Structure formats: structure tokens, C-alpha cells
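Okay, structure first, notes after.
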């Protein structure tokens, strides 16, 4: 019990509250604070539950030989979490419907061949089903490829649709960032031939509307064009067969410094330093329509037919964005590459400029909360005659939004870093928590824990070794 | 084109409407009628789309080497189908919420071990994921086992929850019955210790409320108790190791005659004819509380402790059902066995007494639309200390309900077997279908198809070989 030492009185109180809460109610979606290097960091209640479970399993090895948990990178949603999720999804779906989209549904798995050669380097993240005889299947990786398959299969040439559903990716999960292997996507797409850049501008308008409605704090939508990216690689002298790898490298700028990205390009991927530096000069630029105009005059880039088309479309796009009154939130960003194979034109990604930290909240870090782009060739890949249906769409990353809103709501309830003792007791009274375990300096010295009955306000010192039995006794009585 | 002959004028009109509709709008979820042995039978639009796709693929083999389709036993939902589904789900969820349940969500896959030894003979229907390194996973087979895992993992002793989500079973799909390999379930469960039979009665009340609300026609809820089933097997002399197989056999009564079920019992499973006949005497009985009382006096069955407990509980259950005013829809049915391993007490299954056929509709056949039961041991299987949480619940088979409502709505719209010609034209005007292809006796004789413009009401005879070009020409003009 020596490690009790460095914990603060407050940390122990919160821990005790949680122990009591989680044994009493289904609210296991709450946050649990524990002590690392003197500070409080967050961890999901599930991790805590697993830790507890493991300890118990060690005591009961004869009873059960495996840990009861959800698969890696997945989680349950408690009723409280479901309520938050429902609120967010309703806001998103409402916006999609206002823009005239109709909902569809597709199976969670597709024929494996349908997903092949659509995701570039990320294909390795696809979950495949076991061959149990019959068709070879894989869980969908996104909602875009199933939509393209749906259009081709039903010979639909024009459609505004939305689709809310789970997708699966075998990524190394980093749960604290709101990244999971199973997560929900909300997609809006426009299929069909329209005047240039109008559907593209509508997609950006929708992202803007949703992020504004959800009040997640300040955000920025980065925009680029896949043809500009490819044109840039071409004029810088990147060999064709390295486009895909360089794409993935470029996407890391922002998460990594240019120095490290350059190192990856010249090292593992094998670009010459000169080529890498030329790319570096481009991708470190971002701005508004003036940067588009400047690059239209760029002696190298303007000579590339693809890049030129992309830049002209971006110029037109900015005109619509200005008309929509959202141009100020849009940044033309040459480092945005988006590695999926199917993009053919405009691409975009929305990021929160700062996490919505309030006093006492932990920063969640900046992350992408929406993304999308134009994919004019994907439907044609599924059509027996290769007939193309131009498409543009977006995907809202509700999982990350959900983490942010959830954290904010929890924080608004109690979980301040340094809540006053009285606030905590008040919270217990409000929420019906019956017992509080208090460990202050005196209790640490005496090797005891002060147990307070919230209802009667009576406090009794209990020896540390007896505390579990005492809590169990009181709980069974109540 | 010789096979044009036996088709009725109406069938051709419907076909032509469909050809036009499916090339114009995303409504591919509609029903398509084709001719088999002189009559009209239904088939999903998807099958039709596949057939068309196959023909095209044969013409374009060089372009695509695989058929674009959804995996076997699965389907997409069009916007029209989504609207129907949403209406049904809202009615179901609303009822669950009125009874105090809160929603949860769980991952679509679980650790494979979680699903092991829960489903008896049906375990072979579980979809497993490919071993790509890491944990061994399987798609959930129902929402009950994930709920039990959730309760155990979070140490929840008491909860009313609902869960709406997809489940997967590798069954031989029979789409016409509304059976799929991927389908949606709506589950309501009550976990916790309560006075006997009150939660069980509430579950039956909920099934009654939902089936009444959805107006699916007359229904019956069959009720039995797993302990009565097991007790019956025991007193009839079925060896312990054959319970599971006999259970599955008994469940077939209704779909198969007693003679055939008896044949299976004495043949493949190897019961003696005498044992089979004793079972037969029991399982051909059904009735109300008077049958329960009669069996409580049964010299054999009443000697079996398990059966006696089950019968006493059923008697109490009927008291509550009478208080709830729903006893008349409940039938104590000894042939109801429900083969899943986890049931421990009351079991039930709701069937529609007749399909809601209206004049001109095809019968869908009688099928189970809701089912459930008590499973007091399942949570304990996941608890390291084996602590039990008694549970009872129900699952609404929305897929079958969906098929019925969808068929009825389509029928209400147009798809009568013999709609008058005027009705059909009126329908075209209402829904904006621009062209009608008419093939009557005269047209058959002349080898032409009469093409009518719905707007102008002008009719022109077109040679059969020119009809496709003509329709395409007119469509491209409109």
C-alpha cells in the first residue's frame, strides 16, 4: 500500500466515488482519474473495469480462463453515452436532410473484391471474414465504396444520399484521441453531373454548418485538389511509382515536422534531397484564394495540365465559398494529400483549431473531425461498361466529436482537476452517492481512511485493510 | 421473344413500369413481378437487378470479372425502404422507452470465446472473422449474449435496457420469407431480482403492445417453460445427451407434421418409438391456464421437480397476463422448445395467425415475429465468480415485420394481381412515370408494343425490336 503516498486527497476521493458509483449504477461511461507522475490524466472507465477484472481473475483462475472485455479498439456505449450520441447524430442527420439527402443502408460487409484497390496503403487495415465456405467477405472500411457499389448496381446516375453507420479499421487504437477500430461515420454524398464546383461547395457548406451547430470551438477546413497534389509531385520529379508513398508522407506534415517528413522521403522512400526540397517548398504553403492565384502563375506548376485544372477549379470553388459566406474558414493547404486511391478532384479535411478546453479540462489535442472529396472514377470501377458517375461527398467523424462533447459534459458535472472538497460532497448529495472515502494528510499518517456517510454526515476512521469489507457491509445494508 | 406469349397484358405493363422506374429513380426496393407457371410470384428487385447485370456482364466479360452484388443473404435499403423501417423502429423503440428501458450499444463483433457454448446447435451459423493477428473475433449472433457480457463486465445487477442493432447468421437465406443473413433485431431485457413472473409478464405485454400497434393482423404468443421441456424429455426417457437434438426436432413441429418429426426422432436421433410417442402425446397439446392446471396433475410430469417448478411459474404468469388483459392471445404450447442453450425458464414466440393478405396479395406465410425467454445463468457464465443476474427479455423480428409492411404498402400503392388498366394509368400520373408500355391481344398479334405518353395521353405502336431504342430516345429528351 506504499503507493498510496503520492496521491492527493482529491484523487482518492474521486477514486472512491467511482468505486462506489460503478458498483451501483450502469454509468460506467464516466471518466476515471488516476495518478501518473504527480498529475491527473484521464483514462476510460472501461480500462479501469478491465484492470479490476484482471485482479479478480487472478484470484479466481479456476473459474474463468479469459478476460471479459470488448475486442481491442471497440467499446460499449452506456445509456448516458447513447443519449449524447443521439443528440449529435440528430444534429448531423438534420443538416443532411435540410440539404435534400435521403438515407440508405448497406450491409456491414461487402464481397472482398468490392473493397480491393480502393484504399491504397490503407487496404491492410481492412477486416476480413473467415472463409467458412461461400463468398469471401470483408467488413466495410468506409461508407463511400458501398455507396458507389450501390449506385452502379442500381444504375443510379443522380442522388443525394446520407448514410450513418459503423465502419471498421484495424488501426492501432489510441482511445484517448477518440480513435477506435469500430467507429461511426456520417456520410453525405452528391452523385451526378452538375455545374462545376457547386456540389463541392455544398459539401463544404454542410461541414461548416454542422461544426458551427455542434459548437465545438473554432475550426478550419483545409482544402486541396488531388490533381494539384499529383501535378506537384510530377513537376518536382517524383517517379510515378512513388506517388502513393509520398502522398502518405505528405499527409503526416502537421503531426510531424517538415524535417522528419523530409527524412522519411529521402530515407525509406528514396527521393533525392533535391526532389524532397522542391516538394517541401510547395507543401509548406497555405492560404486563401490569393495563393490559388499565385500558383496559377507558378512557372513549374502551371505547366502541368492536371495541376492547372485543379487550380482553376479551386479558384471557382472559392467564389462559391465566398458567396456562401464561409471562405474565411477555408484554407487552401498544399500539405493536404489524403491517401485514398479513389479521390480525383477537390479534397478537404476539417480540424478543430484548439480543443475546447475550459478551466480544469485536459486538452484532447487537435484532430480531424470531418473529411471528404471528389471521386469521379469510383462508380465506373463497378459498372460493367465503366460508365462514370461523378461524385463528391463528406464524412463527419462523429466519434471524435463524441469524445469532445462527452468530456465537456463530464467536466461540467464534476471532474475538475482541483474541485473543492465541499463541491465534491455537494455532488455526492445531488447524485445519491452514499459514501465518501477521504484521505488527507492526517489519514495518511494514521494509515486510515475516513469514511463519510453522505446522508448522516457521520465520519468514521477505518483501517486501510478493513475499508473494502466495511464499504461492502454498508452497501449491502443500504 | 416467343416467351412473351403467356404473359398477361397487366404483367407486361407492370414490367414496363418497373423498367422505367428503375432507370429513373433510386427506388429499386420495389417488388418486381415475373411469371412462373402461369401465375405471378414475387421476387426482390435485387434479384432482377442481378439478372440484368449478369446479362450485361456476359456482353462485357473483358471489362469486369465479378458480379456487382451484395453478399448472399444481405441487401441494401433504398430511401423508400428506409422510411418504412424508420417508422417501424420508432414504434418499437417508443414502446420500449414507455416501459422504462434505456438504450445501449455494443460492438458488432465479440471475442470468439464470448459466443462459444451459448447457442447449441446454432453455433455453426456464427460468422467468424479471419485471424489477421491479435484476438479471435466473431460477429454477434444476437443481442442477448452481448448484453449479458455487458452486465457482467460492468457489474450491473439491475437494468432495463433496449438495443436495436444488426445481427448475423450464416443461414440458407430464404428471402421471400423475410429471412436474411444480416438482419436487424430490437431487444428489450430486464436484468435483476424481482418478484417472480412480473418481468416475464411485462415482456409478453410489450410484445402484445408492439404487434397491436403495428396492426399486422391477428397474432398468438406461444408460451412454454424450458424446465417443462426438459422435465418432459426426462420423464419420457430421452437420454441427457439427446436433449439438444430433440429440442431442435420439437421446434420443427408446425413447420413439419408430427409424423415427420417422429421419423426424425426415431431415425437420425435414435429414440425408441415408444419414447417418441410419449413426447408426441405431450407436444401436440396446447391451451390456456387450464392446460397448465391439468399438467400440474399429470402423474408423470408432476413427479419431475423441474417441470413442476416450471408449471407453477406458468400458472402465476397466466394470473398476471389475465390482469394485463392479454391472456386471450397467449397459448401454452408444449411444442415450443427454443433450442438456444441459455434459456432457463419461461420461453415464448409470437406468430402471426394469418398473413395480412388483402385481395390480390400473395400470402407471406405464417412466421415468428417476436421471441424471447428467461436466461438466469448467462450473466454468471461471464462473471469471474459466477455471480448470477436473473434476466428475461424479448427480441422483435423487425425484418419479417418489415417485409409484411413493405409488401402491404406496395400493394396499397399499385401492385394488385389484377389492377384495372385505368388504375394503373392513374398511378403513373400520380407518381410521374412518363411512359407506359401496353401489350394486349391485338399488340401480341401485331408484334408491336403500344407506347403511351402519360402526360399527352398519346399512344403509338412500336415494333418490338425498336422499343428499347424508342424508350431511350424519349427518356433522353425528357
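Residue numbers (this note's numbering), protein chains in the order written: chain A, 7 to 484; chain B, 7 to 484. Even glycine gets a Cβ: it sits at the ideal position worked out from N, Cα and C. Predicted, not measured: the structure shown is a model, and the values here were computed from it.
Same chain only: Cβ atoms within 8 angstroms of residue 384 of chain B, ignoring 5 sequence neighbours per side = 124, 150, 151, 154, 348, 397
inquiry  = Let me confirm a value: residue 427 of chain B is counted as buried when at least 16 other C-beta atoms fall within 10 Å, else exposed. Which label applies?
reply    = exposed
task = Look up residue 467 of chain B in the DSSP assignment and say whether it is helix, strand or coil.
result = strand
key: DSSP-derived helix/strand/coil call for residue 386 of chain A   = helix
inquiry  = Excluding the 5 residues flanking residue 238 of chain B on each side, which residues of the same chain have their C-beta closer than 6 angstroms to its C-beta?
reply    = 288
task = Can you give me the Cβ contacts of residue 97 of chain A inside the same chain, cut-off strictly under 8 angstroms, excluding the 5 residues immediately before and after it?
result = 216, 219, 220
message = Quick check on residue 247 of chain B: buried or exposed, where buried means 16 or more other Cβ atoms within 10 Å of its Cβ?
response = exposed
key: Contact with chain A by residue 69 of chain B, beta-carbon distance below 9 angstroms   = With a pLDDT of 44 at residue 69 of chain B, under the threshold of 50, the modelled position of that residue is not reliable, and the figure given next carries that caveat. By this cut-off, residue 69 of chain B is an interface position.
inquiry  = I'd like to know if residue 100 of chain A contacts chain B, where contact means its C-beta is closer than 9 angstroms to some C-beta of that chain.
reply    = no
request  = Just tell me which of A:299, A:463, A:403, A:300 has its CA closest to the CA of residue 431 of chain A.
outcome  = A:463
query = What residues in the segment 187-198 of chain A bring their beta carbon closer than 8 angstroms to a beta carbon of chain B?
reply = 188
task = Might you give, ordered along the chain, the residues of its own chain that have their beta carbon closer than 6 angstroms to the beta carbon of residue 192 of chain B, omitting 5 neighbours on each side?
result = 98, 170, 402, 404
Interface residues of chain B facing residue 249 of chain A [CB-CB closer than 7 angstroms] = Residues of chain B passing the Cβ test: none, with the nearest at roughly 25 angstroms.
query = Can you list, in chain order, the residues of the segment 83-112 of chain B whose Cβ is nearer than 7 angstroms to any Cβ on chain A?
reply = 83, 84, 85, 88, 108, 109, 110, 111, 112
task = For residue 189 of chain B, name the three-state secondary structure that DSSP assigns.
result = strand
query = What does residue 77 of chain A reach in chain B if we use C-beta pairs closer than 8 angstroms?
reply = 113, 115, 116, 117, 141, 143
Three or more C-beta pairs below 8 angstroms linking the segment 313-326 of chain A and the segment 227-241 of chain A = yes
message = Please tell me whether residue 389 of chain B has its Cβ less than 9 angstroms away from any Cβ of chain A.
response = yes
task = Would you please verify whether the beta carbon of residue 167 of chain A is less than 9 angstroms from any beta carbon of chain B?
result = yes
request  = Give, in chain order, every unbroken run of the beta strand (DSSP E) that is at least 3 residues long and sits entirely within the segment 253-331 of chain B.
outcome  = none
message = Is residue 481 of chain A close to chain B? Criterion is C-beta to C-beta, closer than 9 angstroms.
response = no
message = Contact between the segment 224-231 of chain B and the segment 341-358 of chain B is defined here as three or more beta-carbon pairs at a separation below 8 angstroms; is this criterion met?
response = yes
is_contact[residue 147 of chain B, chain A] using C-beta, thresh 9 angstroms = no
message = Among the candidates A:465, A:83, A:145, A:113, whose CA atom is the shortest distance from the CA of residue 444 of chain A?
response = A:465
request  = Could you run through the segment 286-308 of chain A and flag, in chain order, every residue whose CB is less than 9 angstroms away from some CB of chain B?
outcome  = none
ask   = For the putative contact between residue 299 of chain A and residue 321 of chain A, defined by C-beta atoms under 8 angstroms, what is the C-beta separation to the nearest angstrom?
value = 7 angstroms
task = For residue 457 of chain A, count neighbouring C-beta atoms within 10 Å of its own C-beta (all shown protein chains included) and say buried if the count is 16 or more, exposed if not.
result = buried
ask   = Cβ atoms of residue 109 of chain B and residue 85 of chain A: under 9 angstroms apart, would you say?
value = yes
key: Amino acids of chain A, ordered along the chain, whose beta-carbon sits closer than 8 angstroms to that of residue 134 of chain B   = 135, 136, 138
ask   = If you drop the 5 nearest sequence neighbours on each side, which residues of the same chain put their C-beta closer than 6 angstroms to that of residue 267 of chain A?
value = 255, 258, 259
task = With residue 115 of chain B as the anchor, note down where its alpha helix (DSSP H) starts and where it stops.
result = Counting along the chain, residue 115 of chain B falls outside any alpha helix (DSSP H), though it belongs to the beta strand (DSSP E) covering 115-117.
message = Here's a check: name, in chain order, each residue in its chain whose Cβ is nearer than 6 angstroms to the Cβ of residue 312 of chain A, leaving out the five neighbours to either side.
response = 233, 236, 237
ask   = Near residue 244 of chain A, which residues of its chain fall below 8 angstroms by C-beta distance, leaving aside the five closest residues on each side in sequence?
value = 252, 277, 281, 285
key: Same chain only: Cβ atoms within 6 angstroms of residue 196 of chain B, ignoring 5 sequence neighbours per side   = 166, 205, 398
request  = Since I believe residue 350 of chain B is in contact with residue 381 of chain B (beta carbons under 8 angstroms), could you give me their beta-carbon distance rounded to a whole number of angstroms?
outcome  = 6 angstroms
request  = Determine the contact status of residue 77 of chain A and residue 143 of chain B, defining contact as a CB-CB distance below 9 angstroms.
outcome  = yes
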